[in-house]
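Read through the structure below, which is laid out as structure tokens, and then see the notes.
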Amino acid sequence: MRVIEERCVIDLGMMTRLLMFLVESGEKTGKRYPDHRTGQRQEMRKLATIKEFKNIERERWTGMMQECYLFEIKNDESIMFGQIVIGAPGAGKTTYCDGMSQILSQLDRPVICVNLDPANDYVPYKCDIDIRELVKVEDITSRLNLGPNGALRYCMQTLKKNMEWLRLKLSHVDGYLLFDFPGQLELYNSDDCITSIIHSMEKWGLRLVAVHLSDSLYCSDAGKFISVLLSALSIMINLECAQINVLSKQDLLEDNDLPYNFEFFEQLPDASRLVELLDESPILKQYKGLNEMLCSVIGDYDLVNFTGLDVTSRKHMLNILKLADTANGYAFTDAPDLRNIVQK
1 MRVIEERCVI
11 DLGMMTRLLM
21 FLVESGEKTG
31 KRYPDHRTGQ
41 RQEMRKLATI
51 KEFKNIERER
61 WTGMMQECYL
71 FEIKNDESIM
81 FGQIVIGAPG
91 AGKTTYCDGM
101 SQILSQLDRP
111 VICVNLDPAN
121 DYVPYKCDID
131 IRELVKVEDI
141 TSRLNLGPNG
151 ALRYCMQTLK
161 KNMEWLRLKL
171 SHVDGYLLFD
181 FPGQLELYNS
191 DDCITSIIHS
201 MEKWGLRLVA
211 VHLSDSLYCS
221 DAGKFISVLL
231 SALSIMINLE
241 CAQINVLSKQ
251 DLLEDNDLPY
261 NFEFFEQLPD
271 ASRLVELLDE
281 SPILKQYKGL
291 NEMLCSVIGD
301 YDLVNFTGLD
311 VTSRKHMLNI
321 LKLADTANGY
331 AFTDAPDLRN
341 IVQK
């Protein structure tokens with residue numbers, strides 16, 4: 001794992017005032033703040049080295065900061081960066097992981113591919129960590145007589161309860177992480193196991209960004225595209241992490257198949273214009289008001305936009321990698337700048 005210099009990101013003025021308070025309090029009352037484990041890392045907003053504050057007992061101001069909720073304490077002393085690849089079944093998650101792993105290898109960036117889909121029995125890329133070593137959907141289906149969705153949910157809950165297994169696997173690897181997650185929407189909306197798994201990994205020091213894939217063919221149907229927008233928005237809210245929304249399989253889409261140009265569906269300047277495209281048949285007309293309200297909700301949040309993806313295009317893949325590196329913080333390390341590569 002990547003070991004980082006002992007630094008914290010903090011507002012210098014606030015730290016100075018806090019340290020003065022701690023010194024004065026300690027000198028006047030002799031009070032000691034609660035003990036905390038040493039070797040922990042802190043995260044705040046502006047860079048300042050801890051070396052400036054070595055004369056202050058570390059557990060005192062760490063305890064004070066924790067009580068004030070000014071920053072989150074990390075137990076791990078190292079950082080790894082990666083992508084969480086999510087999206088509906090058939091959106092191209094596994095193909096994306098395969099293509100992105102090849103791009104990362106070409107950039108001489110060590111890549112670790114992690115399959116966390118217990119139903120995925122075909123993995124075209126080199127899989128360094130596989131959840132199927134822990135639990136398989138077909139085993140749960142036959143043993144507990146569950147359906148495919150119930151078995152998948154059971155498998156992810158099993159992983160949630162056995163996160164130490166995943167932590168030990170990750171402790172033996174070093175590189176940029178690609179997590180291939182299952183795509184069933186109920187795992188993200190009606191169950192907290194995926195959110196809990198991601199939060200656990202973030203506590204270990206992993207810096208992750210979600211890459212949410214949606215089939216660009218849905219752009220040709222306004223009703224289906226509204227559902228894509230809602231699923232992307234709901235996952236963004238539930239996962240509580242940085243997210244890049246991608247319209248995959250752009251190479252299979254013809255421009256004349258779309259009611260608007262592709263840039264409209266990427267930037268989505270006005271979601272209400274999708275309602276104009278809905279079929280005016282008597283069966284669907286009764287739902288037009290509902291779709292108008294749904295588009296209004298999407299517009300009110302104003303969080304969802306997309307970037308197109310042709311997985312065979314190196315330019316597209318590098319563009320998404322650049323966005324991911326910015327979102328998870330990898331771009332702020334000593335990594336090579338991708339801008340010149342993308343321009344080529």
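Under full-length UniProt numbering, the sequence shown is numbered contiguously, ending at residue 344. The beta-carbon is built from N, C-alpha and C at its ideal position, and this holds for glycine as well. Given the structure is predicted, the values throughout are model-derived calculations rather than measurements.
About 13 Å separates the beta carbons of LEU268 and VAL297, which is beyond the 8 Å limit, so they are not a contact pair.
DSSP places VAL85 within a strand segment (E or B) once states are collapsed to three. Bridge partners of THR307 according to DSSP: VAL246.
If you draw a straight line from the Cα of ILE131 to the Cα of GLN184, it is about 16 Å long. Closest in C-alpha terms to ARG207, from the list LEU134, CYS219, SER220 and ALA242, comes ALA242. In the three-state DSSP reduction, HIS316 falls in the helix class (H, G or I).
In the structure shown, the three-state DSSP call for LEU274 is helix. At a Cβ-Cβ threshold of 8 Å, SER248 and LEU309 count as neighbours.
By the criterion of at least three beta-carbon pairs nearer than 8 Å, the region 136 to 152 is in contact with the region 110 to 123. Note on the region 121 to 148: whole alpha helix (DSSP H) runs with a minimum of 4 residues are 137 to 144, in chain order. For HIS199, the enclosing alpha helix (DSSP H) covers residues 193 to 203. The residue among PRO148, PHE179, PHE306 and LYS93 with its C-alpha nearest the C-alpha of ASN245 is PHE306. For the options PRO89, SER272 and GLN102, the alpha carbon positioned closest to that of ARG314 is the one of GLN102. If you check the CB distance, LEU187 and ILE194 come in under 8 Å.
Rounded to the nearest angstrom, the gap between the Cα atoms of LEU294 and ASP191 is 23 Å.
In terms of Cβ geometry, LEU258 and SER220 form a close pair [threshold 8 Å]. Taking each of ALA222, LEU284, PRO282 and TYR125 in turn and checking the Cα distance to ASP270, the smallest one comes out for ALA222. A distance of 8 Å or more separates the beta carbons of LEU159 and LEU177.
Listed in chain order, the non-local C-beta contacts of GLU292 below 8 Å within the same chain comprise SER272 and VAL275, local neighbours out to five positions each way being set aside.
Using a Cβ distance threshold of 8 Å, PHE179 and ILE84 count as a contacting pair. For a cut-off of 8 Å, the C-beta gap from PHE81 to GLY299 is around 33 Å, too long to register as a contact. By the 16-neighbour rule on beta-carbons within 10 angstroms, PRO110 is exposed. The beta carbon of ASP128 sits closer than 7 Å to the beta carbons of ILE112, CYS113, VAL114 and VAL173 from its chain, once the five residues preceding and following it are set aside; these are given in chain order. Considering only VAL311, PRO282 and ILE237, the residue with the shortest C-alpha distance to ASP302 is ILE237.
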